[in-house]
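Step one of this worksheet: look at the structure below.
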Amino acid sequence: MPENAQMSVIGKPQPRVDGPLKVSGAAMYASDHHFPGMLYAVPVEATIANGEIWQLDTAAAEKMPGVRAIFHRANIGRIFRSVPGQGFEGICIERRPPFEDDVVRYYGQYVALAVADTFEAAKAATDAVRVTYDQDKPNVETDLKADDDPEVVVTTYGPVRRLQSERGDAVAAFANASVKLDQTYVTPAETHNPIELQATIAIWDGARLTLYEESQGVFNMRGVLAQMFGLPKENVRVITKFVGSGFGSKLWPWTHCPLAAAAARQLGKPVKLVLSRKMTFQTAGHRARTQQRVRLGATPEGKLVSLQHDYVYDRSVLDHYHENCGETTAFHYSVPNLRVEFGRAKRNIGTPSDMRGPGAVPGLYATESAMNELADELKIDPVQLRVLNEPKIDEGLGIPFSSRHFLECLELGAEKFGWSKRNREVGSMKRDGLTLGWGMAGCAWIAARFPAEANVELRDDGTTRVACGTQDIGTGTYTILAQLGAEKTGVPLNKVEVALGDTSLPEGPISGGSMATASVIPAVFAAADNAITSLLSIATTTPGSPFERRKPDELTFEGGRVFVKANGPAGGVPFADLLRRANLRLVTGSGKSEATVGEEKPKFSTHSFGCHFVEVTWQPEIARLRVSRVVTVIDAGRIINPLAGRNQIEGAVVMGIGMALLEHTTYDPQNGAPINSNLADYIVAVNADVPKLDVHFLDFPDKEINQLGARGIGEIGLAGIAAAITSAVYHATGVRARELPIRIEDLLNSSVLV
Ligand code: MOS
Numbered sequence: 033m034p035e036n037a038q039m040s041v042i043g044k045p046q047p048r049v050d051g052p053l054k055v056s057g058a059a060m061y062a063s064d065h066h067f068p069g070m071l072y073a074v075p076v077e078a079t080i081a082n083g084e085i086w087q088l089d090t091a092a093a094e095k096m097p098g099v100r101a102i103f104h105r106a107n108i109g110r111i112f113r114s115v116p117g118q119g120f121e122g123i124c125i126e127r128r129p130p131f132e133d134d135v136v137r138y139y140g141q142y143v144a145l146a147v148a149d150t151f152e153a154a155k156a157a158t159d160a161v162r163v164t165y166d167q168d169k170p171n172v173e174t175d176l177k178a179d180d181d182p183e184v185v186v187t188t189y190g191p192v193r194r195l196q197s198e199r200g201d202a203v204a205a206f207a208n209a210s211v212k213l214d215q216t217y218v219t220p221a222e223t224h225n226p227i228e229l230q231a232t233i234a235i236w237d238g239a240r241l242t243l244y245e246e247s248q249g250v251f252n253m254r255g256v257l258a259q260m261f262g263l264p265k266e267n268v269r270v271i272t273k274f275v276g277s278g279f280g281s282k283l284w285p286w287t288h289c290p291l292a293a294a295a296a297r298q299l300g301k302p303v304k305l306v307l308s309r310k311m312t313f314q315t316a317g318h319r320a321r322t323q324q325r326v327r328l329g330a331t332p333e334g335k336l337v338s339l340q341h342d343y344v345y346d347r348s349v350l351d352h353y354h355e356n357c358g359e360t361t362a363f364h365y366s367v368p369n370l371r372v373e374f375g376r377a378k379r380n381i382g383t384p385s386d387m388r389g390p391g392a393v394p395g396l397y398a399t400e401s402a403m404n405e406l407a408d409e410l411k412i413d414p415v416q417l418r419v420l421n422e423p424k425i426d427e428g429l430g431i432p433f434s435s436r437h438f439l440e441c442l443e444l445g446a447e448k449f450g451w452s453k454r455n456r457e458v459g460s461m462k463r464d465g466l467t468l469g470w471g472m473a474g475c476a477w478i479a480a481r482f483p484a485e486a487n488v489e490l491r492d493d494g495t496t497r498v499a500c501g502t503q504d505i506g507t508g509t510y511t512i513l514a515q516l517g518a519e520k521t522g523v524p525l526n527k528v529e530v531a532l533g534d535t536s537l538p539e540g541p542i543s544g545g546s547m548a549t550a551s552v553i554p555a556v557f558a559a560a561d562n563a564i565t566s567l568l569s570i571a572t573t574t575p576g577s578p579f580e581r582r583k584p585d586e587l588t589f590e591g592g593r594v595f596v597k598a599n600g601p602a603g604g605v606p607f608a609d610l611l612r613r614a615n616l617r618l619v620t621g622s623g624k625s626e627a628t629v630g631e632e633k634p635k636f637s638t639h640s641f642g643c644h645f646v647e648v649t650w651q652p653e654i655a656r657l658r659v660s661r662v663v664t665v666i667d668a669g670r671i672i673n674p675l676a677g678r679n680q681i682e683g684a685v686v687m688g689i690g691m692a693l694l695e696h697t698t699y700d701p702q703n704g705a706p707i708n709s710n711l712a713d714y715i716v717a718v719n720a721d722v723p724k725l726d727v728h729f730l731d732f733p734d735k736e737i738n739q740l741g742a743r744g745i746g747e748i749g750l751a752g753i754a755a756a757i758t759s760a761v762y763h764a765t766g767v768r769a770r771e772l773p774i775r776i777e778d779l780l781n782s783s784v785l786v
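If you're matching positions, the sequence shown starts at 33 in my numbering and goes up one per residue.
The following block contains the structure:
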């Protein structure tokens, strides 16, 4: 870090370096790319959710103008299965390659693919494909009872024990507790709705495949697609320069990716395939429906004595996605007796997948709602209940937290919100003729590092280049990488070139788990250090260099200049001068950092923490409920870019308003279709639903995670917010909603009348 902290670009609100490209339309998203001779593919979607294809009649479609081919099981060519590799390698949630058999397991499953000269011709051809089915009744039952699964189940991320965590004797302690709470909370299927639709463009050049893709993880996609086409990894290149957000839906390859590649192979032309919004509801993942029973036992003073969290989620027929609702349960509060266990229920639906804050977000809705209900039952302030149960260590793993400042979050949040003025009585607080409801909840999200590699160049024109094959999914990774490069090289931000989103670059982390920033910091810093080492060696070996007779360790590099340590920066020489004198265009350094995620025996429990304080207004005359105020405090270590960071938390809170009040994917019991599969019927929170959001970051750098002490912020803002909103709704209306989203019909039972 520069001695003069004023010069540092870390921790400063930096506008996005890629902003001008985006607002001017110059940023090229996957589907913006066009290639000579490119064809358009549109999949045919199954209109049943359970059964078998009986007949597929493509004759009429094949004769339509502009149609090149109608692909199906008999003519698509081989598409292989993929298997997971080491760690986070080879991940694919829907493993069955498209068209592998004639069985239909969910509505919208691809059963054929039309390819034509134009998108319109391809779309028209899909409508002309006649598919008849042997149809069974689909199982899309919303009441979830756990299937008969073994104690250890195989999941997308490896084997998991269904009894996730246990200490003491939770059952006995609950039975003997003087205060008990036993409630079940339900969260619906929710669908990611990034504005940019998923897209793949596939181009073959002999046995080499290039994919322009909307990917949150280009290297994983490369590995999976290489397996699916029986190619060495180095024959596949995945390019993702810009992503119009993902929320997890673009983390892993979906079945349309190999379809586009297979069609391009069969026809010898580039093929573009862009999903419709409807398809994204059917075949590109969603947040699983969950049913979570929470049992709390406590003393009359509010000390927890027992916590049981039993949850069931749904999954597709063939896949093993694990919705880890218990992720935070074992460490969030101090409790001597605890048991967390889960079950799964197969349904005829497309597979669920990671959606922003997977597991913890629905999980914390349940456990934090239970804490709020317990506080009401005990007539204890919900903030106080949490303070009373603050743990000293991670009691689930029996190890210390690397850095936990949950109590400071609560304190600052309560102060900023004015929580001390709360009157606990339901419906008692009024303003401007409206009834107010105040609620709060805590949140947590895992912090860790994926492995990462990076490269940094110092160039003879005084610029620098930072390269790392991670992605920017709209969250600000271009800007973060530029800041890291500027910090280490002293080059101003506007002279830092950032290259990401390409498997030809050093292998970067997925943009997932809120771990990209934490992961790239050590790799970029090591790369820059190595480039600087190379520069210092050149400075001492170039004939005529001012440092010719020095030893490299007598020199140092700071603020873009090389100087003799003993003499101080005054006699420093800019690195560009040294490079030019040596006739070098550039020096380069590579850096690498190891993963911490999935460590066998971690020394510390690394998580971010936070809390939300929410005000709602209730107008019983017209049954109108609005979220009118949210204060959020986040403890995520050092914030590299408070402008981009605040934007992350605000976006997550907006999504939380949607989660609490609006979002749910509904499946038709007749044919298994997600029936609200469009943005008119699947309601997300928009500007008009969102009040001013007040976001605060604590500043406690977590040095266990990287040199800068930065954890992640992409997901934590969505954790806990739904519980804070539902408790505020209870406070305003007297309606205890334990199934999301809260509907107007629920509120008509309000005891707080005109
Ligand atoms: Mo996030 S669900 O890891 O994109």
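Even glycine gets a Cβ: it sits at the ideal position worked out from N, Cα and C.
Rounded to a whole number of angstroms, what is the C-alpha to C-alpha distance between residue i and residue j?
i           : j           : result
residue 429 : residue 402 : 23 Å
residue 386 : residue 548 : 16 Å
residue 162 : residue 88  : 6 Å
residue 4   : residue 396 : Nothing about residue 4 can be reported from this structure: the residues present for the chain run from 33 to 786 only.
residue 574 : residue 529 : 27 Å
residue 315 : residue 382 : 6 Å
residue 807 : residue 627 : For residue 807 there is no data in the structure shown, the boundaries of the chain being 33 and 786.
residue 394 : residue 751 : 8 Å
residue 26  : residue 97  : Any answer about residue 26 is impossible in this case: the structure gives the chain only from 33 up to 786.
residue 614 : residue 726 : 53 Å
residue 34  : residue 521 : Here residue 34 scores only 45 on pLDDT, less than 50, and its place in the model should not be relied on; the value that follows carries that caveat. If I take the Cα positions, the gap works out to 10 Å.
residue 768 : residue 322 : 18 Å
residue 1   : residue 741 : The question about residue 1 has no answer here: the residues shown for the chain are numbered 33 through 786.
residue 474 : residue 143 : 45 Å
residue 341 : residue 219 : 15 Å
residue 747 : residue 191 : 24 Å
residue 483 : residue 217 : 36 Å
residue 656 : residue 79  : 38 Å
residue 39  : residue 552 : 22 Å
residue 388 : residue 688 : 10 Å
residue 119 : residue 252 : 11 Å
residue 59  : residue 472 : 40 Å
residue 164 : residue 132 : 18 Å
residue 550 : residue 702 : 46 Å
Rounded to the nearest angstrom, how far is the Cβ of residue i from that of residue j, given a contact under 8 Å?
i           : j           : result
residue 406 : residue 480 : That belief does not hold up - the Cβ atoms of residue 406 and residue 480 are roughly 31 Å apart, past 8 Å.
residue 379 : residue 346 : 5 Å
residue 181 : residue 376 : 6 Å
With which residues is residue i paired in a DSSP beta bridge?
i           : result
residue 501 : 539
residue 368 : Paired residues: none, contrary to the question.
residue 197 : 372
residue 222 : 319
residue 641 : 476, 667
residue 461 : 468
residue 212 : 329
residue 87  : 164
residue 341 : 326, 372
residue 102 : 146
residue 433 : 637
residue 801 : Any question about residue 801 goes unanswered here, given that the chain covers just 33 to 786.
*Would you call the segment 529 to 545 and the segment 583 to 595 in contact, with 3 or more CB pairs under 8 Å?*
no
_the segment 202 to 212 in contact with the segment 732 to 741 per 3-pair CB rule at 8 Å_ = The segment 202 to 212, when compared against the segment 732 to 741, does not touch it at the 8 Å Cβ threshold.
*contact_flag[the segment 496 to 512, the segment 275 to 282] where n(CB pairs < 8 Å) is 3 or more*: The segment 496 to 512 makes contact with the segment 275 to 282, as at least three CB pairs between them are under 8 Å.
_Secondary structure, alpha helix (DSSP H): runs of 4+ residues fully inside the segment 264 to 322_ = Counting whole runs of 4 or more residues, the segment 264 to 322 contains the alpha helix (DSSP H) stretches 288 to 299, 309 to 315.
*Tell me, please, whether the segment 286 to 302 touches the segment 96 to 111 by the rule of three or more beta-carbon pairs shorter than 8 Å.*
yes
*Any 3 or more C-beta pairs closer than 8 Å across the segment 701 to 714 and the segment 645 to 653*: no
_beta strand (DSSP E) runs contained entirely in the segment 583 to 666, provided each spans 3 or more residues_ = Whole beta strand (DSSP E) segments, 3+ residues: 587 to 590, 593 to 596, 618 to 625, 639 to 651.
_If contact is defined by three or more beta carbon pairs under 8 Å, each pair taking one atom from either stretch, is the segment 632 to 641 in contact with the segment 686 to 706?_
no
*Is there contact between the segment 427 to 445 and the segment 352 to 371, where contact requires at least three CB pairs shorter than 8 Å?*
yes
*Let me know the beta strand (DSSP E) ranges lying completely inside the segment 679 to 744, each 3 residues or longer, listed in chain order.*
725 to 729
*Runs of alpha helix (DSSP H) lying entirely within the segment 228 to 253, each at least 4 residues, in chain order*: None, since the segment 228 to 253 contains no complete alpha helix (DSSP H) of that length.
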